Amino acid sequence: MNNIYDFIVLGAGISACTFSSFLNQRFPEASILLVEHGRRIGGRGTTRKSRKNKYIEFDHGLPSIDFSQHISQDILTLVAPLINSQKLVDISKDILLINEFGVLNNVSINYKTYRSLPFMANFCEEIINQSTNPNNINFLFQSFANSMQRANDLWNIQINNGRIIKSKNLILSSSLIAHKRCLEILKIKSLPLRNAFIPGKDKIVDELLREANKLTFIKRRIYILHVSNLKLVQSFNNQYLQIIFSDVIKEDLNLERIIFQKQLDGSMIVLLHYFYFNNLIEIDFDNIIKYLTSLFVNYRIFIDIFLQSKLIDKMDWRASQSLDHLLDKGLQWSSTSKIGFCGDWFDMDSCGGVESAMNSAIRLVKLLK
Ligand SMILES: Cc1cc2nc3c(=O)[nH]c(=O)nc-3n(C[C@H](O)[C@H](O)[C@H](O)COP(=O)(O)OP(=O)(O)OC[C@H]3O[C@@H](n4cnc5c(N)ncnc54)[C@H](O)[C@@H]3O)c2cc1C
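Using my numbering, you'd call the opening residue of the sequence shown number 75 and step up by one each time.
Laid out in structure tokens, this is it:
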């Protein structure tokens with residue numbers, strides 16, 4: 075319990091797991107502790123299990139992973155074994171686009187889209203499995219780091235149960251603690267990262283805090299529907315299907331995509347992704363179903379699915395994807411304070427959040443001496 079870790083990593087999402095696995099490959103003897111607020115690994119790329127029905131499990135966050143043509147050799151080293159063993163599968167053919175006239179088409183994209191099997195949360199688990207000495211990677215779940223102080227060359231991190239954990243280096247894999255939105259989300263009065271530093275003491279951290287404050291976020295609400303009519307689900311040809319809404323629909327109605335995921339008990343989960351920027355406008359769900367049935371009017375199977383579906387939950391991702399003012403990668407590491415940052419809030423010239431998160435984590439490891 076009095077361990078001093080070489081690294082404490084706040085978060086256990088894709089960037090934190092990539093950082094830990096890649097660091098462990100380079101420095102197998104370094105001890106790492108990932109402190110995660112949630113109940114399991116994955117961050118926004120996580121998976122939900124139903125408490126009522128053990129056969130129901132679905133990806134209610136990140137649905138798929140985009141990798142550009144110029145994916146780095148380092149990412150490839152981590153993901154190639156997963157692709158070869160079919161734990162990461164190319165689902166480009168399972169993605170369609172529906173336009174405002176209700177016409178479904180294949181999507182033409184210049185990157186590849188993958189899904190982790192059996193679920194998205196397995197992606198992070200498999201990334202950790204690529205490490206050389208997994209015994210040195212430890213996890214603390216349902217623990218939120220709410221204050222941090224550096225004294226006598228050590229980081230002292232306080233977690234929500236009051237316990238203090240210590241490390242030589244600290245890595246923040248989420249912008250949450252560096253951005254003002256955490257004041258509202260966590261119902262606190264001042265930024266934990268700001269509290270840890272007297273202004274002027276660390277130029278990198280000062281600049282990072284200034285720049286992080288400019289980040290704006292896309293928020294997402296996922297409507298989770300269940301279709302229990304087994305005969306109907308059986309007549310739906312795809313085990314998994316993702317339909318993206320056209321730009322016109324996105325702009326008019328803030329609907330991003332809809333995902334159909336068959337379940338082990340023969341039922342189906344349907345996830346409707348809705349996005350917003352400032353305040354969420356509550357929409358009557360019956361109106362959403364009315365719109366969907368009118369949009370898919372030419373496709374009987376979808377109409378039946380929508381009409382027979384039951385809304386079972388909603389999931390709000392308030393601390394979601396950074397949109398613009400992404401941070402310069404020069405701010406990723408402060409050797410003065412032994413604090414580093416990674417995640418999809420850094421400008422990594424990548425094709426999506428996941429690739430950015432992974433690139434930033436790998437780059438951060440390479441900055442460590
Ligand atoms: C619904 C949805 C759809 C998406 N679609 C796409 C897509 O199509 N393409 C794409 O590229 N990306 C998409 N994304 C974004 C993608 O999921 C993220 O870019 C990626 O998962 C980022 O990983 P990360 O590790 O940087 O951050 P995160 O996954 O956010 O991980 C950070 C972790 O840190 C934890 N944490 C934060 N602060 C603390 C603290 N103080 N103490 C303890 N734990 C803490 C959080 O709980 C979280 O688990 C989507 C996201 C969502 C939610």
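A virtual CB, placed ideally from N, CA and C, is assigned to each residue, including glycine. From a predicted model like this one, the values you see are computed outputs, not experimental measurements.
Taking a contact to require three or more Cβ pairs closer than 8 Å, the stretch 115–125 and the stretch 188–204 qualify as touching. About 18 Å separates the CB atoms of I278 and S89; that is not less than 8 Å, and the two are not in contact.
For M389, the number of other beta carbons within 10 angstroms of its own is below 16, and it is reported as exposed.
About 20 Å separates the beta carbons of S249 and L214, which is beyond the 8 Å limit, so they are not a contact pair. Annotation for S221 indicates a beta carbon at 7 Å or more from all heavy atoms of ligand 1.
For T120, no alpha helix (DSSP H) run applies, since DSSP gives it neither H nor E. Note on S190: 16 or more other CB atoms within 10 angstroms of its CB, so buried under the neighbour-count rule. Straight through space, the alpha carbons of L442 and M222 are spaced by roughly 21 Å. Residue environment for G417: buried (at least 16 other C-beta atoms within 10 angstroms of its C-beta). Between the alpha carbons of Q335 and I169 lies a gap of roughly 12 Å. Annotation: K364 is outside any beta strand (DSSP E); the continuous alpha helix (DSSP H) that includes it extends over 359–369. Restricted to the stretch 273–344, the alpha helix (DSSP H) segments that are unbroken, complete and at least 4 residues in length are 277–286, 304–308, 321–327, listed in chain order. When DSSP states are grouped into helix, strand and coil, R437 belongs to the helix group.
For I172, the enclosing beta strand (DSSP E) covers residues 169–172. In the three-state DSSP reduction, I231 falls in the strand class (E or B). In its chain, beyond the 5 residues on either side, I436, V439 have a beta carbon closer than 6 Å to the beta carbon of F96. At a cut-off of 7 Å, the beta-carbon of A431 counts as near ligand 1: some heavy atom of the ligand is closer than that. A distance below 8 Å between beta-carbons, with the five flanking residues on each side excluded, links L228 to the following residues of its chain, in chain order: I78, K240, S241, K242.
By the criterion of a C-beta distance shorter than 7 Å, N226 is surrounded by no residue of its chain, once the five residues flanking it on both sides are discounted. Using a Cβ distance threshold of 8 Å, I317 and R331 count as a contacting pair. Following the DSSP letters along the chain, one finds T92 inside the alpha helix (DSSP H) bounded by residues 88–100. For N303, the CB contacts under 6 Å within the same chain, skipping 5 residues up- and downstream, are Q382 in chain order. In this structure, R118 has its beta carbon less than 7 Å from a heavy atom of ligand 1. The three-state secondary structure of A270, taken from DSSP, is coil. C425 has its alpha-carbon roughly 9 Å from the corresponding atom of Q143. The stretch 136–154 makes contact with the stretch 178–187; the number of CB pairs closer than 8 Å reaches 3 or more. In this structure, DSSP gives R114 a state outside helix and strand, which the three-state scheme calls coil.
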